Amino acid sequence: MSTPDFSCVITAAEGGQEALTASVESVLDQSLRAVEALVVLPAGAPAALRAAAGSLAGRSPDRVRLLDAGTDSVASLRNAGLDAARGTYVLVLDVGERLQQHACRNLGEAGARSRADLVAGRWSRFTGDGTKEREPSWQHTLFARSRTVGRFADAPELAVHDALVTGFCLRRDAVERHGLRYDEDLTHCGIPFGPLAASVVGRIALVRRRIVTGRAVPDAGRDLAGLVEAHRRVCHVLVAQGLADLREERDRAFLLDHLVPLVRGFPERPAEGRDRIAATAARVLPGSVPEAALLTLPPVERVGVRLLERGDADGVLTAAYALRRRGTVAAPLVTGDDGRVYWPGGPDPVLDVTELGHQYRAFGELKLMNRLTRYEAEGRRVLFEGRLVLPAHTGPDPDGALTAHLEFRVRDGSRTFRAPVDTLRPDATGIGWSARTDLTRLLRPFGPRDTVWDARMVVEDGRSRSVSDLFAAHDLVGPSERSPARPRLGRVTGDTWQPYITLRDHLALRLEARGRPARTARRLVHYATHFRPARHARLLLRGLRKRLDGLRSRGFKTSVYRSWLLRLPVRKGSVVFESHMGTCYGDSPRAVHEEVRARGLPLRCVWSYADSPAGFPADARLVRRWSWRYLWALARAEYWVDNQGFPLTLDKPSGTSYLQTWHGSAYKRMGFDETRVRLQNAPQRERLQQAVGRFDHFLVRSAHDERTLARAYRLPESTLLRTGYPRNDALIAARARDEAEGRLPRPALAAELGLPDHRKVVLYAPTFRGGPGKRRRQRLLLDAARFAERFGDTYTLLVRAHYLEAASLPACPPGTVVDVSHHHDVSELLALSDVLVTDYSSIMFDYALLDRPIVLFAPDLDAYAAERGSYFDLREKVPGPVTATEEELFAVLSRLKTADTGFQERRAAFAEEFGAYDRGDAARAVVDTVFARHLVPSRTARTGEARR
C-alpha cells in the first residue's frame with residue numbers, strides 16, 4: 011500500500027488475542043480500503059498474543075504492520091504508534107475497541123469537506139455487566155448534528171466530558187506540527203490527550219455517526235490517583251484556553267462520570283479493594299473536588315463522594331446501598347440545630363439530605379436498610395446477624411411489644427417460610443438482631459421450580475410493621491457457607507442451599523445439586539427436556555400459546571366485533587358510558603349519568619374501566635375496556651356516551667346514537683389542524699375521519715369551540731349541541747354558593763384529603779406534553795419541594811397530572827403537597843381550590859367560571875406554541891398572570907391578592923368568551939335532547955337548543 015488515508019494504531023497492552031483480533035478485523039473491514047492497522051506490542055506480550063498478531067499480519071501483510079515498542083507503558087505504546095504512522099489521518103484504538111464499517115469513510119469525508127485537523131464522532135461502551143453497549147447520554151447533545159467549529163472554544167463540551175478518549179482522528183501533519191504526545195507518566199493518558207490536541211489544532215469537525223464500539227467499562231478504582239491527575243490536566247487546558255468558566259462544569263461531569271459510579275459499585279468489590287480505594291481517595295481527592303461542584307449533585311450522590319473523599323470505606327458502602335436502592339434510609343439520619351437533616355458526620359452542607367424527605371415518614375412507612383453483618387453456616391443451622399437502621403426522628407413504639415421474624419419467599423412470591431428472630435437490641439440509631447435457624451428443616455421447596463428464595467426481615471411493634479431486605483456486600487457469603495437441603499420431592503431435585511448476594515444487593519438462597527444423585531437427576535431432566543421430541547413438544551406448546559394469545563388480541567376481537575357482534579340487535583335503553591378511555595368515573599359522562607339516575611330514567615347504564623374498578627359506583631354495571639363483555643355492551647348499546655373517544659377500530663352499530671361530550675376547549679391545535687396529523691398519510695387521516703364521523707352529538711360551550719374543535723374535526727352543524735359541558739354545572743353551582751354563603755365550610759373532599767381550613771389550596775394541573783403511546787411518568791416543571799418549603803404554612807399544593815401521564819413527587823411535609831392525580835372527578839378539585847396554576851391545559855377554561863385566581867406557569871410558552879400551534883395568543887387573552895420561572899410564580903403567589911386585582915375583568919371576559927353556553931343546566935339539557943324518547947312527557951324540559 012502506498013500512503014494510506016488512515017493509520018489505525020492499536021495498542022495491545024491489555025486484553026487477549028480475541029480482543030486484538032476483533033480490533034484489527036474491524037480495521038480491515040472498513041469500506042474505505044486505504045486503511046492500515048498498526049499493532050503496537052508491549053515488551054511483555056505473551057507468546058499467544060504475539061502469535062495472534064503475527065497471524066493477522068501474515069493474512070494482510072500490506073495492511074497490517076507490527077511494531078515492538080520495547081516498553082509496557084500504554085502511553086509509550088501509543089506514542090510509538092504515532093511516530094510510525096504513515097496515513098493522512100491517525101486514529102488510536104484500545105485493544106477490543108472496534109470501528110464501525112464506514113467509520114473511516116465518515117471521518118475522512120468530514121475532514122476533506124471541512125479541512126479539519128481533528129474529526130470526532132460518537133462511541134459506545136459496555137455497560138456494567140459487559141454484555142450490552144450504549145452511548146453516554148451527554149453525546150446526544152454534543153453530536154446532535156454534524157458541524158465544524160473553527161476553534162476549540164466553540165465546542166467546549168469536548169472537554170467537559172471525556173468525549174475525546176476514542177472515536178476521533180487527527181491529521182498526521184498536525185500531530186507532528188504541534189508535537190502531540192501522550193503523557194507517559196499517566197495511566198489514564200487518553201483523558202488529557204484529546205482536549206490538549208483539540209486546543210492546539212485548527213478546525214474541528216464533529217460527525218453525528220457512531221465511530222467506535224466495544225469500549226471497555228471504565229474502572230475508576232483501578233488507578234484513582236492517575237484519574238484525578240488526568241482530570242487536573244484537562245482543567246489546566248481549559249484555563250489556558252480562557253475557558254475557566256467551564257471548570258465547574260468539568261468538575262461536576264468528573265464527579266458524575268467517574269466518582270459517583272465508583273461509589274455505586276462499592277458493594278461489588280471485596281473488602282480489601284474497598285479499603286484500598288478509600289485510602290487512595292483520602293490522599294488524592296481533598297482539594298480536587300470543589301465544594302461548589304459537589305453541592306450541585308443530588309443528595310445521596312454528593313454524600314457518597316464526600317465520604318469517599320474522607321476515606322470512609324464503610325460509609326461509602328452505606329451510601330452505595332442508598333444509591334442502588336432509591337428511597338432507602340441507609341444511615342441513621344440526624345436533625346441538626348438548624349432543623350436540617352444530615353447524614354452521619356454532619357453538620358456539613360454536602361451531607362444535608364433534607365430534600366429526600368425521610369423525616370416526613372413514620373417508622374412503618376420508611377424503607378429501612380437492614381444490613382446483614384454475619385452469615386455463618388454450621389451444618390443444618392445458620393446464624394444470621396445484622397442491624398436495622400433507624401433515623402433519629404422515628405422508630406418502633408417504645409411502649410409496644412417489639413417482635414421480628416425472618417421471611418424466606420420464593421422468587422415468584424407464591425410461598426413463604428418464617429423463622430423467629432431470637433434477639434433484638436434496639437438503641438438510638440438502630441436495632442441489632444440475631445437469629446439461628448435450622449435452614450434444612452425450615453425451607454421445604456418442591457424442587458424443580460422453586461429454586462431461588464429471597465430473605466427479608468419483618469419488625470412489628472403492635473401498631474406498625476417494617477419490612478426490609480437483608481443487604482450485604484457481595485463478598486459476605488461464599489461457597490463455604492452451604493447448607494444441606496431437603497426438598498419435598500426428594501434430594502434428587504436438589505441437595506444444597508447456596509447463599510448469594512443478588513444484583514440488588516440482598517441475600518438470597520439458591521437450591522443447587524451438589525451430590526451425585528442430584529447432579530445425575532439434573533442431567534437426566536436436562537436431557538429429557540432438550541432432546542428432539544421434547545424440543546418439538548416445546549415448539550408445539552409455543553405455537554399453541556401464540557394462537558391463544560392471538561385469540562385474546564385486539565385485532566382478533568375487532569374482527570369478531572365487526573363480523574358477528576355488530577349483527578346483534580340493539581338493546582333499547584342500553585347506554586355505555588366511558589370517561590377518559592376508562593381511566594376514571596368523572597367529567598361530563600359522569601354528570602350525564604347522575605342526571606339520568608336522579609330523574610329515574612328507565613335506562614340500563616354500563617360503565618367501562620381501563621385497569622381498576624376502584625372509584626366507580628358500587629351499584630354500576632362495569633365492564634373492562636377491550637374485554638368481550640365490553641365489546642358485547644358496545645355492540646348492543648342504544649347510546650354511546652364518552653368524552654375522549656371509544657376505540658377507533660370499533661364501528662358504531664347502525665341503531666346506536668353516539669354522544670361525544672368532549673373534554674375541553676382548545677388552545678393548542680387539534681384534529682386535522684395538528685401538524686402531526688397533517689403529516690400523516692391518507693389512510694391514517696381517513697381512519698381519523700371515520701372515527702369522528704361516528705359522532706351523532708358533539709357538545710360545545712362557546713362560539714370558540716365551533717370555530718376550532720368543530721372545524722378541526724370536520725363536524726357537521728347538525729351534530730353540535732350548544733349546551734355547555736355537563737361537568738361544569740357543578741362549577742356554576744359552586745360560584746353561586748360562594749356568592750351567597752362564602753367559601754366556608756369547604757366541601758367534604760377537603761376533609762378526605764386532610765386539608766386544614768387555615769391554608770389556601772393551590773391546584774397545579776399541567777397539560778399533556780406527550781404524544782400517542784403508553785402512559786408515562788413525567789417530571790413536573792414545578793418543583794413541589796421548593797413550593798412546600800416556601801409556602802408550606804400558607805398553601806397546600808394539589809398536584810393533578812394529566813390522565814395520560816403520572817407525576818413523580820418528592821417527599822414533603824405532611825399537608826403541604828398532595829397528589830390528586832388519581833381522583834376521579836376533576837370538577838370536585840376545581841370547586842375545592844382557591845387558586846389554579848396551569849400552563850396550556852384546557853382546565854383554565856373551566857376554572858374561569860368560578861371567578862377565582864388563575865396563574866399560568868409556562869416556562870416554554872413560545873416554544874410550545876411554535877411546536878404544537880395555537881388558536882390564539884395566550885398573552886392577549888390570559889385570565890391571570892403569566893410566569894416563566896419558579897421565582898416569578900412564587901412572587902405572584904406571595905402577593906396573590908394584589909396580583910389578581912388587575913385580572914378580574916379580563917377573567918370575566920375570558921369566561922364569557924370561552925364558556926358562553928355554560929349556564930348550569932347542561933346535564934338536564936343534554937338528557938332532554940339525547941334521551942328524549944325515554945322521558946316522561948310531563949317531566950320533559952326545554953333543551954339548551956330550544957332556549958336559544
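In this note's numbering, the protein residues as written are 11 to 958.
For every residue, glycine included, the Cβ atom is placed at its ideal position computed from N, Cα and C.
All figures in this text were calculated on a predicted structure; none of them were measured in a lab.
Touching or not, the stretch 160-174 and the stretch 293-303, by the rule of three or more beta carbon pairs under 8 angstroms? In short, these stretches do not touch, since the Cβ pair count stays below three.
Whose C-beta lies closer than 7 angstroms to the C-beta of residue 855 among residues of the same chain, with five residues either side of it excluded? For this step, residue 855 is matched to residue 845 along the sequence shown. So the list reads 674, 675, 924 and 925, once near-sequence residues are dropped.
Output the residue ranges of the alpha helix (DSSP H) runs that lie fully inside the stretch 304-354 and measure 4 residues or longer, sorted by chain position. 309-320 and 323-334
Rounded to the nearest angstrom, what separates residue 354 and residue 343 at their Cα positions? The residue labelled residue 354 in the question sits at position 344 within the sequence shown. The residue labelled residue 343 in the question sits at position 333 within the sequence shown. Their backbone Cα atoms lie some 6 angstroms apart in a straight line.
Quick check on residue 578: buried or exposed, where buried means 16 or more other Cβ atoms within 10 Å of its Cβ? Reading the sequence shown from its first residue, position 568 is the one you call residue 578. Flag for residue 578 reads exposed.
Roughly how far, in whole angstroms, is the beta-carbon of residue 341 from the beta-carbon of residue 270, given that I think they are within contact range, below 8 angstroms? Residue numbering aside, residue 341 sits at position 331 when the sequence shown is read from its first letter. Residue numbering aside, residue 270 sits at position 260 when the sequence shown is read from its first letter. No, residue 341 and residue 270 are not in contact; Cβ-Cβ is about 17 angstroms, not under 8 angstroms.
List the DSSP bridge partners of residue 158. Residue 158 sits at position 148 when you count from the first residue of the sequence shown. DSSP, once it has assigned bridges, lists 215 as partnering residue 158.
Of the residues 184, 31, 68 and 551, the one placed nearest residue 92, counting alpha carbons only: Taking the first residue of the sequence shown as 1, we reach residue 92 at position 82. For the residues 184, 31, 68 and 551, the minimum Cα distance to residue 92 belongs to 184.
Going by CA-CA distance only, name the one from 770, 647, 724 and 573 that's closest to residue 586. As a first step, residue 586 must be located in the sequence shown, where it is residue number 576. It is 647.
In whole angstroms, what separates the C-alpha of residue 306 from that of residue 268? Indexing the sequence shown from 1 puts residue 306 at position 296. Indexing the sequence shown from 1 puts residue 268 at position 258. Cα-Cα distance, rounded: 16 angstroms.
With burial defined as no fewer than 16 other Cβ atoms inside 10 Å of the residue's Cβ, what is the status of residue 890: buried or exposed? For the purposes of this step, residue 890 is taken as residue 880 along the sequence shown, with counting starting at 1. Buried is the call here.
Have a look at residue 135 and residue 146 and give me their C-alpha separation to the nearest angstrom. In the sequence shown, counting from the first residue as 1, residue 135 sits at position 125. In the sequence shown, counting from the first residue as 1, residue 146 sits at position 136. Cα-Cα distance, rounded: 8 angstroms.
Go ahead and label residue 551 buried or exposed: buried means 16 or more other beta carbons lie within 10 angstroms of its beta carbon, across all protein chains shown. Along the sequence shown, one-based indexing puts residue 551 at 541. Its Cβ having fewer than 16 others within 10 Å, residue 551 is exposed.
Report back the beta-carbon spacing between residue 19 and residue 126 to the nearest angstrom; my notes put them in contact at under 8 angstroms. On the sequence shown, position 9 is the one that residue 19 refers to. On the sequence shown, position 116 is the one that residue 126 refers to. Contact between residue 19 and residue 126 does not hold, since the beta-carbon distance rounds to 19 angstroms and is not under 8 angstroms.
Evaluate the contact criterion for the stretch 364-377 versus the stretch 413-421: three or more CB pairs, one atom per stretch, below 8 angstroms. no
Cα-Cα separation between residue 384 and residue 486, rounded to whole angstroms: Indexing the sequence shown from 1 puts residue 384 at position 374. Indexing the sequence shown from 1 puts residue 486 at position 476. Their Cα atoms are separated by approximately 7 angstroms.
Helix, strand or coil for residue 407 per DSSP? Residue mapping note: residue 407 aligns to position 397 of the sequence shown, counting from 1. When DSSP states are grouped into helix, strand and coil, residue 407 belongs to the coil group.
Cβ distance (whole Å) where residue 521 is taken to contact residue 455 below 8 angstroms: Counted from its first residue, the sequence shown places residue 521 at position 511. Counted from its first residue, the sequence shown places residue 455 at position 445. Between residue 455 and residue 521 the Cβ distance is about 6 angstroms, and since that is below 8 angstroms, they are a contact.
What does the alpha-carbon distance come out to for the pair residue 79 and residue 326? Here the question's residue 79 lines up with position 69 in the sequence shown. Here the question's residue 326 lines up with position 316 in the sequence shown. In a straight line, the C-alpha of residue 79 is about 41 angstroms away from that of residue 326.
CB residue 865 to CB residue 902, shorter than 7 angstroms? The residue labelled residue 865 in the question sits at position 855 within the sequence shown. The residue labelled residue 902 in the question sits at position 892 within the sequence shown. Yes. Within cutoff.
Cβ separation of residue 617 and residue 641, assumed to be a contact under 8 angstroms, to the nearest whole Å: Within the sequence shown, residue 617 is the residue found at index 607, counting from 1. Within the sequence shown, residue 641 is the residue found at index 631, counting from 1. Not really, about 15 angstroms apart at Cβ, beyond 8 angstroms.
Quick check on residue 830: does DSSP put it in helix, strand or coil? By 1-based counting over the sequence shown, the position of residue 830 is 820. In this structure, residue 830 counts as coil in the three-state DSSP scheme.
Under the DSSP definition of a beta bridge, which residues are partnered with residue 774? Stepping through the sequence shown from its first residue, residue 774 is reached at position 764. Paired residue(s): 809 and 847.
Whole angstroms are fine: how far does the CA of residue 912 sit from the CA of residue 956? Taking the first residue of the sequence shown as 1, we reach residue 956 at position 946. Taking the first residue of the sequence shown as 1, we reach residue 912 at position 902. Unreliable placement is indicated for residue 956, whose pLDDT of 38 sits below 50; the coordinate value is still reported in the next sentence. Cα-Cα distance, rounded: 37 angstroms.
Using a Cβ-Cβ cut-off of 7 angstroms (strictly less than) and excluding sequence neighbours within five positions of residue 205, which residues of its own chain qualify? Residue numbering aside, residue 205 sits at position 195 when the sequence shown is read from its first letter. Once the five neighbours on either side are set aside, the close Cβ partners of residue 205 are 168, 169, 174, 244 and 247.
Determine whether the beta carbon atoms of residue 196 and residue 207 lie at a separation below 7 angstroms. Counting from one through the sequence shown, the residue named residue 196 turns up at place 186. Counting from one through the sequence shown, the residue named residue 207 turns up at place 197. No, the pair does not count as a contact, with Cβ atoms beyond the cut-off.
Going by beta-carbon coordinates alone, are residue 50 and residue 101 separated by less than 7 angstroms? As a first step, residue 50 is located in the sequence shown; it is residue number 40 there, counting from the start. As a first step, residue 101 is located in the sequence shown; it is residue number 91 there, counting from the start. No, the pair does not count as a contact, with Cβ atoms beyond the cut-off.
Quick check on DSSP: helix, strand or coil for residue 476? Counting from one through the sequence shown, the residue named residue 476 turns up at place 466. Correct three-state label for residue 476: strand.
On the CB-based measure, 16 or more other CB atoms within 10 Å of its CB, does residue 782 come out buried or exposed? Along the sequence shown, one-based indexing puts residue 782 at 772. Confidence in residue 782 is poor, its pLDDT being 47 and thus under 50, which makes the residue's placement unreliable; the coordinate value appears in the next sentence. Result: exposed.
Contact set for residue 295: own chain, Cβ-Cβ below 6 angstroms, skip 5 residues either direction: Locating residue 295 in the sequence shown gives position 285, counting from the first residue. Hits under 6 angstroms: 319.
Pull up the CB-CB distance for residue 937 and residue 609, whole angstroms please, since I reckon it's below 8 angstroms. The residue given as residue 937 occupies position 927 in the sequence shown. The residue given as residue 609 occupies position 599 in the sequence shown. Indeed they touch by this definition, with Cβ atoms about 7 angstroms apart.
In the DSSP assignment, what are the bridge partners of residue 396? Counting from 1 along the sequence shown, the entry for residue 396 is found at position 386. Note: residue 396 sits in a beta bridge opposite 382 and 443.
Three or more beta-carbon pairs under 8 angstroms between the stretch 478-494 and the stretch 372-390, yes or no? yes
Residue 563 burial status per 10 Å Cβ neighbour count (16 or more: buried): The sequence position of residue 563 within the sequence shown is 553, counting from 1. Label assigned to residue 563: exposed.
Using three-state DSSP, classify residue 893 as helix, strand or coil. Reading the sequence shown from its first residue, position 883 is the one you call residue 893. Looking at residue 893 - three-state DSSP - the assignment turns out to be strand.
Which residues in the same chain have their Cβ closer than 8 angstroms to the Cβ of residue 884, if we skip the five residues on either side of it in sequence? Here residue 884 refers to the residue found at position 874 when the sequence shown is read from its first residue. Within the same chain, residue 884 has close Cβ partners 677, 850, 866, 868, 871, 875 and 892.
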